[in-house]
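Below is one structure, written out as structure tokens; the observations come after it.
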Amino acid sequence: MRPSFVKGLRNEVQVVVTVMALNPDHMYDVVAINAASMSTQLAGLPFSGPIGGVRVALISGQWVAFPNHSQLEEAVFDMVVAGRVSGDDVAIMMVEAEATSRTIELIKGGAPTPTEEVVAQGLDASKPFIRALCEAQAKVAKSAAKPTGEFPIFLDYQDDVFTAVSDAVSKDLAKALTIAGKQERETETDRLSASVKESLAPKFEGREKEIPAALRSLTKKLVRQRVLRDKIRIDGRGLRDIRPLSAEVEVVPRVHGSAIFERGETQILGITTLNMLKMEQQLDTLNPENHKRYMHNYNFPPYSTGETGRVGTPKRREIGHGALAERALIPVLPTREEFPYAIRQVSEALGSNGSTSMGSVCASTLALFNAGVPLRAPVAGIAMGLISDDVDGKVEYVALTDILGAEDAFGDMDFKVAGTREFVTALQLDTKLDGIPASVLAGALHQAKEARLAILDVMAEAIDSPDEMSPFAPRIISIKIPVDQIGAVIGPKGKIINQIQDETGAEISIEDDGTIYIGATDGPKAEAARAQINAIANPQMPEVGERYLGTVVKLAAFGAFISLLPGKDGLLHVSQIRKMHGGKRIENLEEVMKVGDKIQVEIGEIDPKGKLSLVPVLEDAPASE
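Quick note, the sequence shown lines up with residues 125 to 749 if you use the numbering used here.
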């Protein structure tokens with residue numbers, strides 16, 4: 125909505141969207157887009173809407189509008205598109221899209237692959253719905269909207285200031301903007317800025333703040349002119365050129381997985397940490413999803429841009445970038461059954477000059493592979509930009525590959541595209557224009573694929589398959605038990621499960637369907653826990669004559685209770701204990717044994733209720749484990 129407000133409007137505009145009632149199976153986000161547009165039009169604001177928003181999903185080869193949650197389970201691609209009517213066409217203003225966790229599975233089953241061509245078809249499929257929504261809003265606004273009010277417009281500068289700045293510094297600034305290095309270029313532009321402010325301040329006394337604003341506008345104009353006229357960008361690259369790339373894994377010791385990905389002056393550190401599934405994030409939202417196994421955190425410290433600032437609570441930008449990188453990787457993650465780990469991925473922007481979010485996708489793929497995560501395919505991302513202007517009475521659009529921070533600031537579009545070699549996994553469009561033709565976005569998608577393939581080649585040189593897991597990562601195995609045996613494994617007040625964890629050093633997590641995940645610092649501990657659980661929940665019935673090395677767990681006046689296996693105890697009667705001591709009378713059992721003692725016993729009798737009566741093994745004979 126932001127580009128549709130008149131330029132120079134400084135009044136605060138707040139749109140509050142409240143979900144008053146909800147069908148749990150229905151999506152509410154696109155309804156909120158249309159509600160926000162509708163209410164803004166009715167308010168009489170200088171707003172060039174209406175704007176329509178629609179979700180379209182590729183289900184069984186068809187683009188389905190406004191799918192519900194249950195339908196999305198069968199979707200190959202999910203896309204939210206917002207736009208406005210522009211003559212006979214619909215101009216796209218915003219896109220948030222991603223493949224799903226089942227995309228690869230559905231493709232193997234015959235579903236269409238969400239390639240650039242298919243995604244472009246989805247943009248076209250959204251247009252009729254956006255048009256219908258805009259027309260419906262316009263109809264309501266025609267009868268119910270307030271007249272557009274008179275609002276003061278505060279322009280950043282007046283024309284006379286821009287003319288003076290242009291005359292004073294245009295040639296020198298154009299030359300400075302040809303310097304390829306960011307630091308050198310900014311040093312020279314800062315010098316010119318200080319010079320022009322000093323020389324023009326007396327002429328525009330009281331209006332000094334207009335000078336830097338006019339200089340910024342002139343910089344934007346010169347950068348855009350050079351791109352449109354000469355097809356050369358601010359750092360000397362061509363329209364499709366990517367900055368120098370490098371990738372390296374295992375850069376931080378002790379962590380489970382790490383990598384650094386560099387694209388020009390953008391440098392991202394990726395760190396992967398693995399843990400038990402019980403550590404996955406629990407969600408309490410309006411969506412059906414109530415837990416998240418893959419958690420992606422993106423950090424943008426102030427030093428990444430050579431500045432000072434507060435470090436702490438993540439801001440909206442950091443949350444959004446982390447969410448985008450997370451969506452880009454979810455389609456290639458292994459299933460819970462294939463890889464029963466909770467995964468936390470952290471992206472640290474060590475240096476920033478354009479598209480740290482897409483750099484995070486690349487660094488995360490590398491770090492996940494380094495941690496031993498069996499990704500179904502590597503994923504890379506690239507940020508595309510756009511410059512547009514009137515050329516001979518017609519609007520010309522030029523797409524830029526791998527945009528710098530300055531090109532993001534001075535351009536018309538930030539279009540981020542992530543994917544594998546075969547298909548798109550996520551994309552996001554943010555524009556400063558009132559809309560972009562879908563054909564332009566389709567062209568940018570294909571241009572982005574060229575870059576993505578080149579980046580994937582560089583990443584493959586560093587790592588192209590999962591490494592062995594770090595010795596510091598937990599080892600997790602899973603077993604399945606009957607649901608009616610869950611209580612037996614847990615025991616009264618958690619006694620049995622806690623006993624197994626204490627004895628083996630493993631951590632145990634039990635799912636409602638009987639799946640048990642066992643995590644330990646090494647394989648033998650996990651296997652020991654598995655053996656004890658199987659003995660309880662998947663046991664072979666004990667038989668008379670079987671021998672065990674048991675543990676005394678309780679003493680009573682009539683005998684000792686011996687634990688043979690977790691959950692399997694038997695009674696060694698006092699009369700049998702006497703045999704161990706030459707038949708002598710024993711006044712107090714504590715005189716001859718104590719809790720924790722190991723005793724070789726044999727099952728002497730099993731009564732109809734399954735209770736075990738034990739006898740001591742007096743001769744030297746092997747015992748069952």
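Just so it is clear, CB atoms sit at the ideal spot from N, CA and C, and this is done for glycine as well. This structure is a prediction, so every number in the text was calculated from the model and none was measured.
Problem set entry | 8 Å contact criterion, which V285 and L342 should meet: CB distance rounded | With a beta-carbon spacing of about 10 Å, V285 and L342 fall beyond the 8 Å limit used to define contacts.
For this session: Spell out the partners DSSP gives D213 in its beta bridges.
Result: Paired residue(s): S210.
Exercise. For the segment 563-581 against the segment 503-515, are there 3 or more C-beta pairs whose distance is under 8 Å?
Worked result: Yes, they touch.
Problem set entry | Supposed close pair A681, I701 - CB separation, criterion 8 Å | About 12 Å separates the two Cβ atoms, so there is no contact after all.
Exercise. Taking 9 Å as the CB-CB cut-off, is A265 touching chain B?
Worked result: The displayed structure is made up of one protein chain only, and chain B is not part of it.
Exercise. So the beta strand (DSSP E) S382 belongs to, where does it begin and stop?
Worked result: S382 -> beta strand (DSSP E) spans G381 to R387.
For this session: Pull up the distance between the alpha-carbon of K703 and that of V741, whole angstroms please.
Result: Their backbone Cα atoms lie some 10 Å apart in a straight line.
Problem set entry | In chain order, each beta strand (DSSP E) run of at least 3 residues that lies wholly inside the segment 446-524 | Listed in chain order, they are 466-475 and 504-515.
Exercise. In or out: K306 buried (at least 16 other Cβ within 10 Å) or exposed?
Worked result: Residue environment for K306: buried (at least 16 other C-beta atoms within 10 angstroms of its C-beta).
For this session: Can you tell me the Cβ-Cβ gap for I392 and G483, rounded? I've got them flagged as a contact below 8 Å.
Result: Correct: roughly 4 Å between the Cβ atoms.
For this session: Compare the C-alpha of T459 against each of T224, M508, E667 and G211 and name the closest.
Result: The shortest C-alpha separation from T459 is found at T224.
For this session: Flag this pair as yes or no: are the beta carbons of C258 and F385 separated by less than 9 Å?
Result: In this structure, C258 lies away from F385, with their beta-carbon atoms at least 9 Å apart.
For this session: Return helix, strand or coil for Y152, following the three-state DSSP convention.
Result: In this structure, Y152 counts as coil in the three-state DSSP scheme.
Exercise. Which value, in whole angstroms, describes the spacing of the CA atoms of L738 and H705?
Worked result: Distance between the alpha carbons of L738 and H705: 16 Å.
Exercise. Is it buried or exposed for H150, if we count other Cβ within 10 angstroms and need 16 for buried?
Worked result: Under this definition H150 is an exposed residue.
Problem set entry | Beta bridge counterpart(s) of H697 as assigned by DSSP | Beta-bridge pairing links H697 to G683.
Problem set entry | In DSSP terms, what Y422 is bridged to | Y422 is bridged by DSSP to S471.
Exercise. How about A495 and S594: are their beta carbons less than 9 Å apart?
Worked result: Between A495 and S594, the gap from beta carbon to beta carbon is short of 9 Å.
For this session: Decide if E749 is buried, meaning its Cβ has at least 16 other Cβ atoms within 10 Å, or exposed.
Result: Bear in mind that a pLDDT of 47 at E749, under 50, signals an unreliable position, so the model cannot answer this.
Exercise. Contact between the segment 206-215 and the segment 169-184: three or more CB pairs below 8 Å?
Worked result: Note that the segment 206-215 touches the segment 169-184; at least 3 beta-carbon pairs, one per stretch, sit closer than 8 Å.
For this session: Specify, as a first and last residue, the run of the beta strand (DSSP E) that F539 falls within.
Result: It spans M537 to G543 - the beta strand (DSSP E) in which F539 sits, taken as one unbroken run.
Problem set entry | Residue of V435, G475, I727 and I624 minimising C-alpha distance to S428 | Among V435, G475, I727 and I624, the Cα nearest to that of S428 belongs to G475.
Problem set entry | Spatial neighbours of T313 in its chain, beta-carbon cut-off 8 Å, leaving aside the 5 residues before and after | Same-chain partners within the cutoff: L297, A300, L301 and T343.
Problem set entry | Q349 - DSSP class collapsed to helix/strand/coil | Helix, per DSSP.
Problem set entry | Cβ pair A265, M162 closer than 9 Å | Taking the C-beta atoms as reference points, M162 is found nearer than 9 Å to A265.
Exercise. What do you reckon, are the CB atoms on V456 and R417 nearer than 9 Å?
Worked result: 9 Å or more divides the Cβ of V456 from the Cβ of R417.
Problem set entry | Close-in-space but distant-in-sequence residues of the same chain around A530 (CB under 6 Å, 5 per side omitted) | Closer than 6 Å at Cβ, skipping near neighbours: I358.
Exercise. Under a Cβ-count criterion, where at least 16 other Cβ atoms within 10 Å of its own Cβ denotes burial, should A221 be classed as buried or exposed?
Worked result: That one is buried.
Exercise. Comparing alpha-carbon positions, which option in A452, F171 and R226 lies nearest E197?
Worked result: The shortest Cα separation from E197 among A452, F171 and R226 belongs to R226.
Exercise. Given that a residue counts as buried once 16 or more other Cβ atoms are within 10 Å of its Cβ, and exposed if not, what is D538?
Worked result: Its Cβ being crowded by 16 or more others within 10 Å, D538 is buried.
Exercise. Given that a residue counts as buried once 16 or more other Cβ atoms are within 10 Å of its Cβ, and exposed if not, what is D291?
Worked result: D291 counts as exposed, since fewer than 16 other beta carbons sit within 10 angstroms of its beta carbon.
For this session: Starting from the C-beta of L230, find all residues in its chain whose C-beta is less than 6 Å away, skip the five residues before and the five after it, and write them out in chain order.
Result: For L230, where only same-chain residues beyond five positions count, the Cβ hits under 6 Å are V200.
Problem set entry | Alpha-carbon to alpha-carbon, H415 and D408 | Cα atoms of D408 and H415: separation of roughly 8 Å, rounded to the nearest angstrom.
Problem set entry | Inter-stretch contact at 8 Å, needing at least 3 Cβ pairs: the segment 534-554 / the segment 508-520 | The answer is yes - the segment 508-520 touches the segment 534-554, with three or more Cβ pairs under 8 Å.
Problem set entry | Span separating the alpha-carbon of F278 from that of K131 | Distance between the alpha carbons of F278 and K131 is about 8 Å.
Exercise. In angstroms, rounded to a whole number, what distance separates the CA positions of T639 and Q405?
Worked result: One C-alpha to the other measures close to 19 Å.
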